[in-house]
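Asks: Line order of the protein sequences matches chains S and P.
Heads up: the first sequence begins at 1 in the working numbering, then just goes up one per residue.
Heads up: the second sequence begins at 1 in the working numbering, then just goes up one per residue.
For glycine and all other residues, C-beta sits at the position ideal for the given N, C-alpha and C.
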Amino acid sequence: MSEEFRLDKIGLVNRDKKISFKFNGKKYFGYEGDTLASALIANGVHLIGRSFKYHRPRGFFGAGVDEPYAMVQLYRNNETEPNVRATEQELFEGLEAKSLNCWPSVNFDIGAINNFLNKFLPAGFYYKTFMWPKSFWYKIYEPFIRKAAGFGVVSTKHDNERYEHKYEYCDLLITGSGPSGLASAYAAAKNGARVILAEDKSRFGGSLLTSEVSIGNQNGKDWADNIIAELKEMPNVTVKNRAQVFGYYDHNMLVMSERLSDHLPKSKKYTPKQRLWYIRAKEVIISTGSIERPIVFGNNDTPGVVLASAAKEYLKVYGVLVGKKPLIFTNNDSAYETAIEFKKNNINPIILDTRKNPESEIISEAKNMGIEMKFSYVVVAAKGYKKVNFAEIANISEDKKDLGKIENINCDCICVSGFWTPTIHLASQSGNKTKFNEEIDAFVPGKSKQNETTVGSANGIFSLEKTLITAFEKGHEISKKITNKDNKISVPQVSEKKFTQHDKFWCVPLPKEKNYKRFLDFQNDVTVSDVELAIREGYRSIEHVKRYTTLGMATDQGKTSNLNGLQLVSSIENKIVPSVGHTTFRPPYTPVSIGAIVGREIGKHSKPTRKSPMHSWHEKHNAVFVDAGIWLRPRYYKKGNEGLFEASKREAENVRKNVGVCDVTTLGKIDVKGPDAAEFLNRVYTNAWLKLPVGKARYGVMLREDGIVMDDGTTTRISEHHYHMTTTTAQAANVLSHLEYYLQIVWPELNVNVVSTTEQWAGAAIAGPKSRNLLQKLFPDINVSNEGLPFMGYLESNLFGIPARIFRISFSGELAYEVNVESDNGNFMWEKIIEIGKEFAIQPYGTEALSTLRIEMGHVAGSELDGRTIPYDNGLDGLVSKKKDFIGKRSLNRKAFIAKDRQKVVGVVPLDKKTSIPEGSHLVKDANAILPNPKLGHISASCWSVEYNNPFSLAILKDGKNMIGKKLFALCPVKNKSIPVEIVSSHYVDPKGERVRS
Amino acid sequence: MLHIKCPHCGLRSQNEFSYGGDGTVKRPDLNKEVSDKEWDTFVYLRKSPRGKHVELWHHISGCRQWIKVERDTATHEIFKTSKVNEDI
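#1: Could one say the Cβ of His-58 (chain P) lies closer than 8 Å to chain S's Cβ atoms, at least one of them?
#2: Between Thr-915 (chain S) and the rest of its own chain, which residues show a CB-CB distance below 7 Å, the 5 nearest in sequence each way excluded?
#3: Whose C-beta lies closer than 7 Å to the C-beta of Phe-17 (chain P) among residues of the same chain, with five residues either side of it excluded?
#4: Does any residue of chain S bring its CB to less than 8 Å from the CB of His-53 (chain P)?
#5: Which of the three DSSP states, helix, strand or coil, is assigned to Gly-858 (chain S)?
#6: Does chain S have any CB closer than 8 Å to the CB of Leu-2 (chain P)?
#7: May I have the straight-line CA-CA distance separating Leu-31 (chain S) from Lys-343 (chain S), to the nearest angstrom?
#8: Which whole runs of the beta strand (DSSP E) in the segment 227–293 of chain S are 3 residues long or more, in chain order?
#9: Do Asn-332 (chain S) and Asp-503 (chain S) have their beta-carbon atoms positioned less than 8 Å apart in this structure?
#10: Just to confirm before moving on: does the CB-CB distance between Arg-275 (chain S) and Met-253 (chain S) stay below 8 Å?
#11: From this set, S:Asn-874, S:Gly-707, S:Lys-696, S:Ser-737, which residue's C-alpha is nearest Tyr-723 (chain S)'s C-alpha?
#12: Does the beta carbon of Trp-76 (chain P) come closer than 8 Å to any beta carbon on chain S?
#13: With a threshold of 8 Å between beta-carbons, can Pro-934 (chain S) be considered close to chain P, or not?
#14: First and last residue of the alpha helix (DSSP H) that includes Tyr-314 (chain S)?
#15: Who pairs with Pro-803 (chain S) in a beta bridge, going by DSSP?
#16: Please list the terminal residues of the continuous beta strand (DSSP E) segment that includes Val-909 (chain S).
#17: Run through the DSSP bridge pairs and tell me what Glu-90 (chain S) is partnered with.
#18: Evaluate Met-369 (chain S) with the Cβ neighbour count: other Cβ atoms within 10 Å of its Cβ, from every protein chain shown; 16 or more gives buried, anything less gives exposed.
#19: At a cut-off of 7 Å, would you count Val-237 (chain S) as near the ligand ZN, judging by its Cβ distance to the nearest heavy atom?
#20: Within the 8 Å Cβ cut-off, does Val-34 (chain P) reach chain S?
#21: With the cut-off set at 8 Å, would you say Ser-756 (chain S) and Leu-736 (chain S) are in Cβ contact?
#22: For chain S, check one thing: does any of its Cβ atoms lie closer than 8 Å to the Cβ of Arg-64 (chain P)?
#23: Would you call the CB atoms of Glu-438 (chain S) and Leu-464 (chain S) closer than 8 Å?
#24: Under 8 Å, do Lys-387 (chain S) and Pro-303 (chain S) count as touching if we go by C-beta distance?
#25: What residues are listed by DSSP as bridge partners for Met-71 (chain S)?
#26: What residue range is occupied by the uninterrupted beta strand (DSSP E) comprising Pro-445 (chain S)?
#27: Verify whether the separation of the beta carbon atoms of Val-379 (chain S) and Ile-393 (chain S) is less than 8 Å.
#28: Can you list the beta strand (DSSP E) stretches of 3 or more residues lying completely in the segment 773–854 of chain S, in chain order?
#29: Please list the partners that Gln-744 (chain S) has in chain P, where partner means a Cβ-to-Cβ separation under 8 Å.
#30: Mind checking if Ser-737 (chain S) is an interface residue toward chain P, Cβ cutoff 8 Å exclusive?
#31: Cutting at 8 Å between CB atoms, please list the residues of its own chain near Glu-814 (chain S), excluding the five before and the five after it.
#32: Of the choices S:Ile-489, S:Glu-212, S:Ile-291, S:Val-317, whose alpha-carbon is the least far from that of Tyr-365 (chain S)?
#33: If you measure from the beta carbon of Arg-586 (chain S) to each beta carbon in chain P, is any gap under 8 Å?
#34: Counting contacts by CB-CB distance shorter than 8 Å, is Asp-16 (chain S) in contact with chain P?
#35: In angstroms, rounded to a whole number, what distance separates the CA positions of Gly-21 (chain P) and Cys-6 (chain P)?
#36: What are the boundary residues of the beta strand (DSSP E) that Thr-467 (chain S) is part of?
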C-alpha cells in the first residue's frame, strides 16, 4: 500500500531508510524515525482498536504520551507486549502489532453490540447489575466481563530480555528537553552543576520541533540541536532521550525509565531492554510542558478526531497528514499554527473558532493566507463510523448555551484544541500544593514541598520569551546555590507570534432531540452523561466520582480528560473548579513495565542463594535440596529408586546404629566478645551463664520481651572473654539485630561486641554410637574419652594440619560432635570425614533425617518454637532461672502464661501404629462432635520413628502434662483423616538422655 | 525512598536501614519491681502519632548501629538524626 498521506518535503524522518512492518497481519512501509502511529497514518490507517466498554472504533488522538486510544499488542523478537502506545512506539524493521479489545477483527467486532446496549451499561453498571442470581457471578458474569473488558494480553512466557537498575546522584535533574528544559540545563551546566537532562521522546527539543519561532537568529529546532550537542560534550552533563521520569518520591528521589532497546528489532548484546534509574537529585527542574486538552462534542471519539497539536506534530516531524480535508475546531490561537501548516502544504483547512471576534498576529496571518474561518462556531458532532466523513456544525450564542441551525460540512479529520493543561504530575507527586490559575483554566504548581521548581508551560507560561528568560534565570539561580559559581549566560533574542486570550469554553451543548455520546475520558469510555449520573446518585468528592465512573483511570490516567471532568463536575455543582480540586496524582506518570521494576532480581536472583562450602559434594552425591531460609540444605541423599521416606529412614537408622554426618554450616554463628560478655549472655538467655567455664558449651533459650521464645542454640565459651553463639538457620539475622539493640540501646554500659561469623565457619555434625571412634581417627592427638571431652565439652585441635574446633553437642540425641573449620577448608573436612568414616559405615544425612532424630528425642525446634510458645510450653522449665532477670522474664508472670491448663509439648502415637499423622492436624476429644469441634491442640511435627518403627508426632496440647496416657483423635479435614491417637511423653527415645552423655 | 543521615556514615538511602519502631520507649530497669501496667505499656503500647516522632532505625546494611531519627510521619520530613545514646 502506498503512503498516500505522506508529504515529500517536510519532516524529520530518514527518507533513505524504508522500514517494513505489519499491522493486523497486513504489510506496510514507513521510514526510520517514524512512530508506529505516524507510519500508520501515512498509510491512511485510522482504525486502530476498539474502545474499552462500548467497543466503538478508535483511532489516534495524540502524538505522544497523552494518547488515550491507540494502544496495540506489540510483537518483537518472539516476545509480546500489551498496551503499547502506537504514538510512542518507534518503528523498526519487522515490527508487528495487532489491535486490542476486538473480536474477531477490528473491522468487524462483535463486542460493538455494547454500543447499542449502552442503556444497560451506565456508570457503575457493574455495581448495579449482575447481582442476581448470586451463583452466576463466578461462573458466568465475571468471566464474561473479564473477556469483554480490558486491553492487551500479557505474555505468559519467561521474558528473556534484560532489565537493569542504576542509582545516580546529581545536583540538578531536569525533566523534559523543551525550550524551558534546555535553557535551564544549559544555564546550570555552564555554571558547573552536575546535570541530568531527561527527555521521554527520541528527539530532543519538545515544542521547538513543531513551532515557528526563532531564538538568537536560529530557528527553534536548530537552536535546540546546538544546545543539545553542546550539553552532550560537557563532562558534568548526562543527556538521556527515551527516558521518562515517572515518579517523584520522598527526599528528592526520582525514578526514570530509560527505554534503550524498545526501538530496535532486538536488544543489542550486553545492552538491557530498559534501565530504571533511581536518581537522588539535590534540586529538580520540572520542564514537562503541557498537554493540549480537547473540547467535548458529540461523537468526539470518532477516528479522525485528533488534537490540533498532534496534527501539527504529525505534519512537521513525520511529514504525515492526518487528513486532506481538515476541520480545525478551537477556542484559542495555537490551533491556527496547525491550520497554517496545512495551508503551507497545499491543504485547505477550515477553522471553527468558538470566539466571537478574536484578533491577533497569527489570526491575521491565517486570514492573509486565505484560510477559511468561522467565528462563534462549534462542531456539534462528528459523523462517520470508522472514520470522520463529515461534521455537524452550528453557530453558538454568546452565552454558549444555544446552538444555531445545524449545518453539515465535509471533512476527513477534526483537529480540536481546547487550550493547554500544564503537566503538573511530577510537581504534585512531590507534595507541591497546586493552585488553580484562572487565566489558563488549569492547575499550576504552587508552593514546593521538596527542592523542585517548575518552569515553562508546565508552570502555565505559554510565551516562549518569558519561558526562556525564567528558565535561564532558574537554571542559574539553582546551580549557584549548589556550586557557588556565578557564570551567567545571556538570554538570546526570541521572535514569536503573540497570542490573544483563549475562550473558556470546553463543552458543546447537545442539540435538541439528539443524544450523541460526548466523551470525557476516551480510554475508559466515560461520557458526560456518566458523570452527570454519578452526581445525581450522590457522589460529590471528585475522588469518588473518579472511582465510580472510572474517569481518569487506566493507563493514560486521564492526561487529556482530567480537566474537562473537573469542569463538568464544577459546572453541575455550581462550584468553581479549585473548590472541587483535582484527584491526587500518583506515580507512575506513564505505565512502567514490570520487567523494569523487577530489574535483575528474577529467577534465582530474586533472593540470594547461599550454599555451604560442601554444596558441590552434596550435588555429586545425589542430594535433594530444600530451602532453609536463604540457604540450600540437603534434604536427603537419594540412592537408587529411593524416595524421601526411604532415604531419610535409611539415613536416620544409620545414625542410630553407626554414624552419620550432617552439614550444619547454615546454623547462625555470632562471636560475642568483651569483658562483660558473660553478664550479657546472662541477660539474653533464660538460664544462668555467669559460671560457664572456658571450654564448655551450654544450651540456651532467648525470649522476646513478651515472653515468647525467640530462638535457641548452644553457646560455647572459647576463652575468658570470647563466646561462640549459635542460632537457628532462619533466625540468625534477627538474633544479631536483637543483640545489637540491647547492647547499643538498653545496656550501653556493657563492654561487649557482637559480629556474625556464620559464613566464616563450615560445620559438620558427626552423630551416632560410632562417632567417638571416628573422631579419634580424625584427631589422633586429642583425648576423646568421656573424661577428655565430656558432653558439652569443647576442644581445639588440628584436622590434618587444619585448625578445627570440636564441640560435643547433639541435636540428634545420639553421642555426637560438631566439627568447625574455616569455610575454605569445609570441603576438605567433609571429604576427610567421609573417607575415614567409611570403616564405621558412615552415611551423610539430610534435614529430613535430622528432623526424625530430633522429633523422636522430643527436642523442640522451629515448629514448636513457633512464635506463640513460651519456655514452659516446651518443657524447658529447667532452663528458666528464678534467680536473675533476663529479657522477657517479667512477661512470663502473665496470667495466661501461668494458667494450669497451659499448652505443653507432648508426644503422639497413632493407636494402629501405622497411620502417619499429617502435620497441622487438630487434636480433639470427639471425632464426630458438632462443628466447630473444640480444638485441644495441634500436631507440630511428624516423623517415622526409626527407633520403634512406627509413626510418631509432637504436638502442642492444652494441659498437655495431664493428658499423657489419654486417647484423642487427630483430625485433618484437608486430607480427610481422622486418626485415633494416644498422648505420650515427648521424649519418645532415650528419655533420660543417656546416649548423649555416654 | 527516604534519605537518612546516619550519624556514623552520613547520608544514605532508606534501603540500607531497617525500621526499629518508637525511639522513646524505655525498658524498665532490671531486677526491679515492675507493675503489670508498667510492663504491659512497655511491651505492647506504642504511640503512632501523626507528625513529629522519634524513631529508631538500624543501619543494617551499613555500620550496623541503631540510630535515632526524628521524622514527620505524615510528610516524611526528617528533622534530625542522632546516635542512639545521644538526646535528640
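Replies: Quick look at the numbers:
#1: As a working mapping, residue 58 (chain P) is identified with position 58 in the second sequence. Cβ-Cβ to chain S under 8 Å: yes for His-58 (chain P).
#2: Taking the first residue of the first sequence as position 1, residue 915 (chain S) is located at position 915. Here the set comprises Pro-951, Ile-979.
#3: The residue labelled residue 17 (chain P) in the question sits at position 17 within the second sequence. Excluding five sequence positions before and after Phe-17 (chain P), the CB atoms of its chain that fall closer than 7 Å to its own CB belong to Ile-4, Trp-57, His-58, His-59, Ile-60, given in chain order.
#4: Taking the first residue of the second sequence as position 1, residue 53 (chain P) is located at position 53. No, no contact with chain S.
#5: Reading the first sequence from its first residue, position 858 is the one you call residue 858 (chain S). Residue state, collapsed to three classes: coil.
#6: For the purposes of this step, residue 2 (chain P) is taken as residue 2 along the second sequence, with counting starting at 1. At least one CB of chain S lies nearer than 8 Å to the CB of Leu-2 (chain P).
#7: Numbered from its first residue, the first sequence carries residue 31 (chain S) at position 31. Numbered from its first residue, the first sequence carries residue 343 (chain S) at position 343. It is worth fixing the name first, because residue 31 (chain S) is Tyr in this sequence and not Leu. Tyr-31 (chain S) and Lys-343 (chain S) have their C-alpha atoms spaced approximately 24 Å apart.
#8: The DSSP assignment places 237–240, 243–249, 253–259, 274–286, 290–292 as complete runs of the beta strand (DSSP E) inside the segment 227–293 of chain S, in order along the chain (cut-off: 3 residues).
#9: For the purposes of this step, residue 503 (chain S) is taken as residue 503 along the first sequence, with counting starting at 1. For the purposes of this step, residue 332 (chain S) is taken as residue 332 along the first sequence, with counting starting at 1. Taking 8 Å as the cut-off, the Cβ atoms of Asp-503 (chain S) and Asn-332 (chain S) count as close.
#10: Reading the first sequence from its first residue, position 275 is the one you call residue 275 (chain S). Reading the first sequence from its first residue, position 253 is the one you call residue 253 (chain S). No, the Cβ-Cβ distance between Arg-275 (chain S) and Met-253 (chain S) is not below 8 Å.
#11: On the first sequence, residue 723 (chain S) is found 723 positions in, with the first residue counted as 1. Comparing Cα positions, the closest option is S:Lys-696.
#12: As a first step, residue 76 (chain P) is located in the second sequence; it is residue number 76 there, counting from the start. Position check: residue 76 (chain P) holds His in this sequence, whereas Trp was assumed. Using a Cβ-Cβ cut-off of 8 Å, His-76 (chain P) counts as an interface residue toward chain S, since at least one Cβ of chain S sits closer than that to its own.
#13: Walking along the first sequence from the start, residue 934 (chain S) turns up at place 934. Interface with chain P (8 Å Cβ-Cβ cutoff): Pro-934 (chain S) is excluded.
#14: On the first sequence, residue 314 (chain S) is found 314 positions in, with the first residue counted as 1. Judged by DSSP secondary structure, Tyr-314 (chain S) falls within the alpha helix (DSSP H) whose first and last residues are 308–318.
#15: By 1-based counting over the first sequence, the position of residue 803 (chain S) is 803. DSSP output for Pro-803 (chain S) lists S:Asn-798 as bridge partner(s).
#16: For the purposes of this step, residue 909 (chain S) is identified with residue 909 of the first sequence, where counting begins at 1. In the DSSP assignment, Val-909 (chain S) falls within the beta strand (DSSP E) that extends over 904–910.
#17: Within the first sequence, numbered from 1, the residue matching residue 90 (chain S) stands at position 90. In the DSSP output, where bridge partners are listed per residue, Glu-90 (chain S) has S:Thr-35.
#18: Position 369 of the first sequence holds residue 369 (chain S). Exposed.
#19: Among the components modelled here there is no ligand, and therefore nothing to report on the ligand ZN.
#20: Sequence index remark: in the second sequence, residue 34 (chain P) carries index 34 (1-based). Yes, contact with chain S.
#21: On the first sequence, position 756 is the one that residue 756 (chain S) refers to. On the first sequence, position 736 is the one that residue 736 (chain S) refers to. Inclusion of Ser-756 (chain S) and Leu-736 (chain S) in the CB contact set at 8 Å is warranted, their separation being smaller than that value.
#22: As a first step, residue 64 (chain P) is located in the second sequence; it is residue number 64 there, counting from the start. Interface residue, yes.
#23: Translated into positions along the first sequence, residue 438 (chain S) becomes position 438. Translated into positions along the first sequence, residue 464 (chain S) becomes position 464. Not closer than 8 Å, so no.
#24: Taking the first sequence and counting its residues from 1, one reaches residue 387 (chain S) at position 387. Taking the first sequence and counting its residues from 1, one reaches residue 303 (chain S) at position 303. Inclusion of Lys-387 (chain S) and Pro-303 (chain S) in the CB contact set at 8 Å is warranted, their separation being smaller than that value.
#25: Residue numbering aside, residue 71 (chain S) sits at position 71 when the first sequence is read from its first letter. Paired residue(s): S:Arg-85.
#26: Translated into positions along the first sequence, residue 445 (chain S) becomes position 445. 442–447 is the extent of the beta strand (DSSP E) around Pro-445 (chain S).
#27: Start at 1 with the first residue of the first sequence, and residue 379 (chain S) comes out as number 379. Start at 1 with the first residue of the first sequence, and residue 393 (chain S) comes out as number 393. Yes.
#28: Fully contained in the segment 773–854 of chain S are the following beta strand (DSSP E) runs of length 3 or more, in chain order: 794–799, 802–807, 816–822.
#29: Taking the first residue of the first sequence as 1, we reach residue 744 (chain S) at position 744. Those are Gln-65, Trp-66, Val-84, Asn-85, listed as they occur along chain P.
#30: Position 737 of the first sequence holds residue 737 (chain S). Interface annotation, Ser-737 (chain S): in contact with chain P, CB-CB separation under 8 Å.
#31: Position 814 of the first sequence, counted from the start, is the residue given in the question as residue 814 (chain S). If we look at Glu-814 (chain S) and ignore the five residues flanking it on each side, its Cβ neighbours are Val-655, Arg-656, Ala-767, Gly-768, Pro-769, Ser-771, Leu-853, Arg-995, Val-996.
#32: Sequence index remark: in the first sequence, residue 365 (chain S) carries index 365 (1-based). In the sequence on display, residue 365 (chain S) carries Glu and not Tyr. The candidate whose alpha carbon is nearest that of Glu-365 (chain S) is S:Glu-212.
#33: Numbered from its first residue, the first sequence carries residue 586 (chain S) at position 586. At a cut-off of 8 Å between beta carbons, Arg-586 (chain S) makes no contact with chain P.
#34: Taking the first residue of the first sequence as position 1, residue 16 (chain S) is located at position 16. No, because no Cβ of chain P sits closer than 8 Å to the Cβ of Asp-16 (chain S).
#35: Taking the second sequence and counting its residues from 1, the one referred to as residue 21 (chain P) is at position 21. Taking the second sequence and counting its residues from 1, the one referred to as residue 6 (chain P) is at position 6. Distance between the alpha carbons of Gly-21 (chain P) and Cys-6 (chain P) is about 16 Å.
#36: Translated into the one-based positions of the first sequence, residue 467 (chain S) becomes position 467. Following the DSSP letters along the chain, one finds Thr-467 (chain S) in no beta strand (DSSP E) but inside the alpha helix (DSSP H) bounded by residues 464–483.
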